[in-house]
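Here the protein sequences line up with chains E, G, P and Z, keeping their order. Count along the first sequence from 1, add 80, and you get the number used in the working numbering. Count along the second sequence from 1, add 80, and you get the number used in the working numbering. Count along the third sequence from 1, add 80, and you get the number used in the working numbering. Count along the fourth sequence from 1, add 80, and you get the number used in the working numbering. Reading through the structure tokens given below for one structure.
Protein chains: 4
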Amino acid sequence: MITVSIIGGTGYTGVELLRILSNHPKVEIEHITSRKLDGKGITKVHTNLKGIGNLDNLIFKDVPIENIDSDFVFCATPHGVSMEIVPKLYERDIKIIDLSGDYRFENINIYEEWYNLKHTGKLRSIYGLPEIHREDIKKEKLVANPGCFPTGAILLLAPLIKEGIVEDRIIIDSKTGVSGAGINPSNTTHFPNINENILPYKLTTHRHTPEIEEELKKISNRNVKISFTPHLAPITRGILTTAHTFLNESMERDDIIGIYNSFYKKEPFIRIFCEEIPKLTGVRGTNFCDIGAFEIDRYGRLVMVSTIDNLVKGASGQGVQNMNIMAGFKETEGLLFGGLMP
Amino acid sequence: MITVSIIGGTGYTGVELLRILSNHPKVEIEHITSRKLDGKGITKVHTNLKGIGNLDNLIFKDVPIENIDSDFVFCATPHGVSMEIVPKLYERDIKIIDLSGDYRFENINIYEEWYNLKHTGKLRSIYGLPEIHREDIKKEKLVANPGCFPTGAILLLAPLIKEGIVEDRIIIDSKTGVSGAGINPSNTTHFPNINENILPYKLTTHRHTPEIEEELKKISNRNVKISFTPHLAPITRGILTTAHTFLNESMERDDIIGIYNSFYKKEPFIRIFCEEIPKLTGVRGTNFCDIGAFEIDRYGRLVMVSTIDNLVKGASGQGVQNMNIMAGFKETEGLLFGGLMP
Amino acid sequence: MITVSIIGGTGYTGVELLRILSNHPKVEIEHITSRKLDGKGITKVHTNLKGIGNLDNLIFKDVPIENIDSDFVFCATPHGVSMEIVPKLYERDIKIIDLSGDYRFENINIYEEWYNLKHTGKLRSIYGLPEIHREDIKKEKLVANPGCFPTGAILLLAPLIKEGIVEDRIIIDSKTGVSGAGINPSNTTHFPNINENILPYKLTTHRHTPEIEEELKKISNRNVKISFTPHLAPITRGILTTAHTFLNESMERDDIIGIYNSFYKKEPFIRIFCEEIPKLTGVRGTNFCDIGAFEIDRYGRLVMVSTIDNLVKGASGQGVQNMNIMAGFKETEGLLFGGLMP
Amino acid sequence: MITVSIIGGTGYTGVELLRILSNHPKVEIEHITSRKLDGKGITKVHTNLKGIGNLDNLIFKDVPIENIDSDFVFCATPHGVSMEIVPKLYERDIKIIDLSGDYRFENINIYEEWYNLKHTGKLRSIYGLPEIHREDIKKEKLVANPGCFPTGAILLLAPLIKEGIVEDRIIIDSKTGVSGAGINPSNTTHFPNINENILPYKLTTHRHTPEIEEELKKISNRNVKISFTPHLAPITRGILTTAHTFLNESMERDDIIGIYNSFYKKEPFIRIFCEEIPKLTGVRGTNFCDIGAFEIDRYGRLVMVSTIDNLVKGASGQGVQNMNIMAGFKETEGLLFGGLMP
């Protein structure tokens, strides 16, 4: 049994952490902090969780970071805020899973350029994608939980990059549900603006681009040129990533499938689809990343598709997966459930 | 540990039973029958369940009823089909949860009139709404699992009816997600026909009407006149029921809330909302029935609202709740999880 | 040819007026005012109208009311703002179509109670529902354009009320698209909050209630008790109104249909549906009000359904219809087009 | 005034032709044929068109092709059916606009390979994309109306291809509304299957691929390698096309915009967006093709976006545009209206 606190429990990743952790047999939730909702009952705000475990007794509190001494802390805080909080926890040897982008980059210059923020200083951390960095995650006390788009994209491309069978120039065309834009209303998320639309945005400037690139470079030890374009779709949850790559040499579909089956052989949260195309509702509410398509066209273009739930494998679920690894629990503890389909 | 079989595992209630039961610590799934999909892997069809428990090893089989001797059998079969199958299981003392309408009615004439079918003959059974009939469910071997609309409507109205504080004439205006129409495509469920629409249907002739009426009469020992109109909404899951009733005497909102809190005091799956209006996403994927509104207008009309997930509390989840009761398990076993919101 | 100005051209009713008027052969648009967008090109904001007529040359201006002397002025201004503006136009004999609620009520006390505003003073005006008040609209210079819910509800109920064949107690359960909530984002209209939901709101307190009631009383010269409950549906445009009434005497469906066909015999914008149930997409983008259902249940409840596009017949289209009547044009001028189905 | 008949009036393109033509001042609709609906009133089936012009008097008829002698005939018939019908009309000098793929290809072998059909024989025809082939359309009597995806893709890429400033390898990632799948229900279009999903399909094998390729080759006189992947989105109408191309040489965004403004300078149905990204609701119900984005990333990838209404500019509206050209009418006659936004 471990104690866990959540800093910033009011956003979508915060409530999703509560939904998942309240179902986890080895976790006791200690604090959920919120300045704005200080004193309010958790399930008065997140009414979907009413009646679950002891959540009805939990209350949002504006707890000073200094007073938090849980075994694990999740920082469900925005970019820029995490780097103010994390160092204070870090020095007290608390295990930290940070859901922001603040500690994801080896190269701080890239962070500062794409996030347009001055960084408070690097800490020893590991990029929390267990399928790639599991052994290192076991050893670290600060995990930088991956971004939602990078999770879908890196898992989709890693085997190809590792094998070196595709050209370095890769096009990623992603489609995300609106929960990815967060809990706060805006013009873009106003129902009549997104309903019956599909909106490309930050077509060449999304800050998940360098994150994908940096991680793929680590895998291949070569430069990879990622051209990434996201689209907002009239869907609540999920990211479907379509990757367009070009094969270096002539290969058969079955060869590619073989590579993926081998690469992800023992992974409990990766499902390889040889026949059907993965669907967002198949991963809805789950920690799975489904991978499929493996289609090759007349010009050697290989099209691959992955699906994740952006709030689970793309954020909070992956955070709990990292916690399980760091705590020495079974990696799937509290995380294995089927997708809400339909 | 009990063994369970599902007859008719291809529809939405079948897959939902699998999703829930695969998460249940005391259940071993034995057979899932299907004539159409005989020989196909369960998770080849229901890809959302891939990688969960041992579901990847289960195969649809066209098993003769005679060969099924699990402790429990769920009949996820259509109206008319259940009454051919159930008697064969019944005589062998297998515990049965029938999801069709075939054994829901005390009065077979009402069934035959509204379903336009000749019944094969009544069997001793109990209407499987645990919040009303828990003690009897414990004793029976055949449970008629309630319809989706009746579940939301009866739970919404039972306290009022029991107290006798509203007029006998009640208007129920329900809004259901499209999964309620089943897994087979039709003109009505063709995306361009239901998207951007909300379709009233069977406005005065839906066969859940007499089911609601019969159950409410049992509670009050008086005639209740239910005027029920369903609408199909561009939503996948959930039923929101708006009940318009008229108070017999002047009452305050708090009195009504008090009645509900008292009536449902110990119920693990009923959540009373005093402030917010219940939302479908709050119960999505769960076995909860949320009840709220309690608003009274200038003319003594009391408006009440309930929400359920039509496939869980409105079908398969409630079936598992009944199984838990019949098997002597904790009633919430394998059934307590928060709603998938957003 | 007449000149027309629009005060408040930034909201949904403003852009919808532009969409309709730009297609009207006898209208020249003079001013579109906006404080916020002063100096911006109309079609830079409302990009859907780019390339239509001379709209690319029109610019939002913060024109003082005193400088406006078009033949007709549409006030697409919020409640409370109209009553500051309208008197200034009124005294200069400009013909005014006010889309707010400020001049809809005979009884100012009712307005002040439900809108929680002090009124600046009544002016001679007419409630702009042409199917009921056409002859008076011809004579007036200030038309109070009806609310969206009242348009659908009054047209749906008027024939029944006039004939006096239903009880005075009427339940109206309406379902509206999200554009009815206006162009400004809010928690309610945040996509993940309304998608996959249907939200009852102001269940007994919506201010369109007394508007419906007052108009129906005028028709019947009797008190009518309107119990009105709106729901927000995950749809952009349209209002579907379900009315639950109780017949005073036994009648046949065909009798009711006969009453409606007769009442609306010559109306170009009312379509009576005897077979199909009206659909929102059938009226989408149009000025039609479709009426249907006419179903009677075992207890003498008569269920009726109407559909309108809330932004057209429920607001801007009806405004143009009123303008046509006041200007002596053909009533359907610029307003007859088929619904955007699918 | 010309007379027009529609062969195959029951699908989405048929009803859309009726919606548009009923608004056209110079067209008299003569026949709408349907085997299945022979004898049924047009507006009994397409209820959205009730009350428009004289459509209430038109009746579906199973008219033999021999008996049709309108000035213009639209074949809204499926691939394979058109090539049985068109020759019979062609020999009688009727002007024909064929909405199928049967006469779109110069090279019949390509057609036979991708459509898996034996062709009945080529006829002199012109590919009906007015922005590219206007002068030739004027002279021909058989127009092959373009496919929906090709319309959006060719108009998006033509200026780049003509200028020869991008590499020959082009990736087109398209997102279409479900009306593109036609009026008949299927598993794919079943609401619970497409709602909350976005489905890639025929990822490397869609038959619009060679159509795009053939037309772009005509423009450039060079080989162009089109890699095309469509996705089905939970939207009713519209196609958003995202093109990923690579510039041959370093260029600025403004240079590209200049090329487009110049190429489409006089086109009434092409709107170039320099600031906003085009939205599907901006073209909904219209004959516009909106083009925008013009963004260049670190690796010289140029991302371009176009939006059309698949049933209007992508089918029936473009058909009427072709008819206007062939008949010597103003090209925009009956076709200029603003998008239904929101």
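C-beta atoms are modelled at their ideal positions from N, C-alpha and C, and glycine is treated no differently.
Q) Between THR157 (chain E) and GLY88 (chain E), which are expected to be in contact by the criterion C-beta below 8 Å, what is the C-beta distance as a whole number of angstroms? A) As a working mapping, residue 157 (chain E) is identified with position 77 in the first sequence. As a working mapping, residue 88 (chain E) is identified with position 8 in the first sequence. Contact flag correct, Cβ pair sits at about 4 Å.
Q) Taking the DSSP output, what are the residues bridged to LEU382 (chain P)? A) On the third sequence, position 302 is the one that residue 382 (chain P) refers to. Paired residues: P:THR325, P:ILE376.
Q) Can you list the residues of chain G that ASP377 (chain P) reaches, using a CB-CB cut of under 7 Å? A) As a first step, residue 377 (chain P) must be located in the third sequence, where it is residue number 297. Residues of chain G passing the Cβ test: THR284, SER307.
Q) Near ILE241 (chain P), what residues of its chain come up, given a Cβ to Cβ distance below 7 Å and the 5 sequence neighbours on each side ignored? A) The count along the third sequence starts at 1 and reaches residue 241 (chain P) at position 161. Contacts found: LEU296, ILE299, SER300, VAL304.
Q | Residue range of the beta strand (DSSP E) that includes GLU96 (chain P) | A | Numbered from 1 along the third sequence, position 16 holds the residue referred to as residue 96 (chain P). Premise fails: GLU96 (chain P) lies in the alpha helix (DSSP H), 92-101, not in any beta strand (DSSP E).
Q. Given SER266 (chain Z), which residues of its chain have a CB within under 7 Å of its CB, disregarding the five upstream and five downstream residues?
A. The residue labelled residue 266 (chain Z) in the question sits at position 186 within the fourth sequence. Once the five neighbours on either side are set aside, SER266 (chain Z) has no close Cβ partner at all.
Q) Are ILE376 (chain G) and GLU243 (chain G) close, meaning C-beta to C-beta below 8 Å? A) The residue given as residue 376 (chain G) occupies position 296 in the second sequence. The residue given as residue 243 (chain G) occupies position 163 in the second sequence. Cβ atoms of ILE376 (chain G) and GLU243 (chain G): not closer than 8 Å.
Q) When you compare each of P:LYS124, P:TYR170, P:MET421 to ARG317 (chain Z) by their alpha carbons, which one comes out closest? A) Locating residue 317 (chain Z) in the fourth sequence gives position 237, counting from the first residue. Ranking the options by Cα distance to ARG317 (chain Z), first place goes to P:MET421.
**Q.** chain E contacts from the stretch 313-336 of chain Z (Cβ-Cβ distance under 9 Å)
**A.** ALA313, PRO314, ILE315, THR316, ARG317, GLY318, LEU320, THR322, HIS324, PHE326
Q: Consult DSSP for GLY338 (chain G) and reduce its assignment to one of helix, strand or coil.
A: As a position in the second sequence, residue 338 (chain G) is number 258, starting the count at 1. The answer is helix: DSSP assigns GLY338 (chain G) an H, G or I state.
Q. Can you tell me whether DSSP reads ARG172 (chain G) as helix, strand or coil?
A. What you label residue 172 (chain G) is simply residue 92 of the second sequence in a count that begins at 1. Looking at ARG172 (chain G) - three-state DSSP - the assignment turns out to be coil, as it is neither helix nor strand.
**Q.** Burial state of ASN147 (chain P), where buried means 16 or more other Cβ atoms lie within 10 Å
**A.** For this step, residue 147 (chain P) is matched to residue 67 along the third sequence. That one is exposed.
Q: Determine the contact status of HIS104 (chain Z) and GLU413 (chain Z), defining contact as a CB-CB distance below 8 Å.
A: If you number the fourth sequence from 1, residue 104 (chain Z) lands on position 24. If you number the fourth sequence from 1, residue 413 (chain Z) lands on position 333. Cβ distance < 8 Å, so HIS104 (chain Z) and GLU413 (chain Z) count as in contact.
Q) Would DSSP call ASP253 (chain G) helix, strand or coil? A) Against the second sequence, residue 253 (chain G) aligns to sequence position 173. Correct three-state label for ASP253 (chain G): strand.
Q | Contacting positions in the stretch 105-139 of chain P - beta carbon closer than 7 Å to chain Z | A | THR127, ASN128, LEU129, LYS130, GLY131, ILE132
Q) So, helix, strand or coil for GLY394 (chain Z), using DSSP? A) As a working mapping, residue 394 (chain Z) is identified with position 314 in the fourth sequence. Three-state result, GLY394 (chain Z): helix.
Q: Please confirm if PHE417 (chain G) has its CB atom under 8 Å from at least one CB of chain E.
A: Here residue 417 (chain G) refers to the residue found at position 337 when the second sequence is read from its first residue. So, interface residue.
**Q.** Near-chain E residues of the stretch 173-199 of chain Z (beta-carbon distance less than 9 Å), N- to C-terminal order
**A.** none
Q. VAL95 (chain Z) and HIS126 (chain Z) look like a contact to me (Cβ under 8 Å); what is the Cβ gap, rounded to whole Å?
A. Taking the fourth sequence and counting its residues from 1, one reaches residue 95 (chain Z) at position 15. Taking the fourth sequence and counting its residues from 1, one reaches residue 126 (chain Z) at position 46. The Cβ separation is near 5 Å, so the contact holds.
**Q.** C-beta contact flag for LEU391 (chain E) and TYR92 (chain E) at 8 Å
**A.** Residue numbering aside, residue 391 (chain E) sits at position 311 when the first sequence is read from its first letter. Residue numbering aside, residue 92 (chain E) sits at position 12 when the first sequence is read from its first letter. A contact, by the Cβ cut-off of 8 Å.
(Q) Please report whether the beta-carbon of GLU276 (chain P) lies at a distance below 8 Å from any beta-carbon of chain G. (A) Along the third sequence, read from residue 1 onward, the residue named residue 276 (chain P) stands at position 196. Yes - at least one Cβ of chain G is within 8 Å of the one on GLU276 (chain P).
Q: Could you spell out the range, first to last residue, of the beta strand (DSSP E) harbouring LYS305 (chain E)?
A: Translated into positions along the first sequence, residue 305 (chain E) becomes position 225. Unbroken beta strand (DSSP E) run through LYS305 (chain E): 305-312.
**Q.** Three-state class that DSSP yields for PHE271 (chain P) in the structure shown
**A.** Start at 1 with the first residue of the third sequence, and residue 271 (chain P) comes out as number 191. Three-state DSSP puts PHE271 (chain P) in a helix.
**Q.** Under 7 Å from the C-beta of HIS270 (chain G): neighbouring residues of chain Z
**A.** Here residue 270 (chain G) corresponds to residue number 190 of the second sequence, with the count starting at 1. Chain Z residues near HIS270 (chain G): PRO265, THR269.
Q) Relative to the C-alpha of PHE349 (chain P), which residue among P:VAL166, P:PRO280, P:LYS410, P:SER85 is closest? A) For the purposes of this step, residue 349 (chain P) is identified with residue 269 of the third sequence, where counting begins at 1. Comparing Cα positions, the closest option is P:LYS410.
Q. Interface residues of chain E around ALA373 (chain Z) at Cβ under 8 Å?
A. Looking up residue 373 (chain Z) in the fourth sequence gives position 293. Near ALA373 (chain Z) (Cβ distances below 8 Å), the residues of chain E are PRO280, LEU283.
Q.
Can you pull the chain P neighbours of ILE357 (chain G), defined as C-beta to C-beta under 9 Å?
A. Here residue 357 (chain G) is taken as the residue at index 277 of the second sequence, counted from 1. Result: LEU279, PRO280, TYR281, LEU283.
Q) Shorter than 8 Å from the beta carbon of GLY260 (chain G) to some beta carbon of chain E? A) Residue numbering aside, residue 260 (chain G) sits at position 180 when the second sequence is read from its first letter. No, its Cβ sits nowhere closer than 8 Å to a Cβ of chain E.
Q) Roughly how many whole angstroms lie between the Cα atoms of GLU294 (chain G) and ASN367 (chain P)? A) On the second sequence, residue 294 (chain G) is found 214 positions in, with the first residue counted as 1. On the third sequence, residue 367 (chain P) is found 287 positions in, with the first residue counted as 1. Cα-Cα distance, rounded: 44 Å.
Q | Interface partners of ARG99 (chain E) on chain G, CB under 7 Å | A | For the purposes of this step, residue 99 (chain E) is taken as the residue at position 19 of the first sequence. The answer, in chain order, is GLY418.
Q | GLY260 (chain G) versus ASP389 (chain G): straight-line alpha-carbon distance, rounded | A | Against the second sequence, residue 260 (chain G) aligns to sequence position 180. Against the second sequence, residue 389 (chain G) aligns to sequence position 309. Their backbone Cα atoms lie some 10 Å apart in a straight line.
Q. When DSSP builds the beta bridges, which residues end up paired with ILE387 (chain P)?
A. For this step, residue 387 (chain P) is matched to residue 307 along the third sequence. With the sequence shown as reference, residue 387 (chain P) is identified as Thr, and Ile is not the correct amino acid for it. Looking at the DSSP assignment, THR387 (chain P) forms a beta bridge with P:LEU320, P:ASP370.
(Q) Tell me the rounded alpha-carbon separation between GLY257 (chain G) and ILE315 (chain G). (A) What you label residue 257 (chain G) is simply residue 177 of the second sequence in a count that begins at 1. What you label residue 315 (chain G) is simply residue 235 of the second sequence in a count that begins at 1. If I take the Cα positions, the gap works out to 5 Å.
Q: Report the three-state DSSP secondary structure of CYS354 (chain G) (helix, strand or coil).
A: What you label residue 354 (chain G) is simply residue 274 of the second sequence in a count that begins at 1. Note: CYS354 (chain G) maps to coil in three-state DSSP.
Q | Neighbour list for ARG351 (chain P) in chain Z, Cβ cutoff strictly below 7 Å | A | If you number the third sequence from 1, residue 351 (chain P) lands on position 271. Residues of chain Z passing the Cβ test: LYS130, GLY131.
(Q) Looking at the secondary structure, which residues open and close the alpha helix (DSSP H) in which ALA238 (chain P) lies? (A) Counting from 1 along the third sequence, the entry for residue 238 (chain P) is found at position 158. Note, ALA238 (chain P): alpha helix (DSSP H), 228-243.
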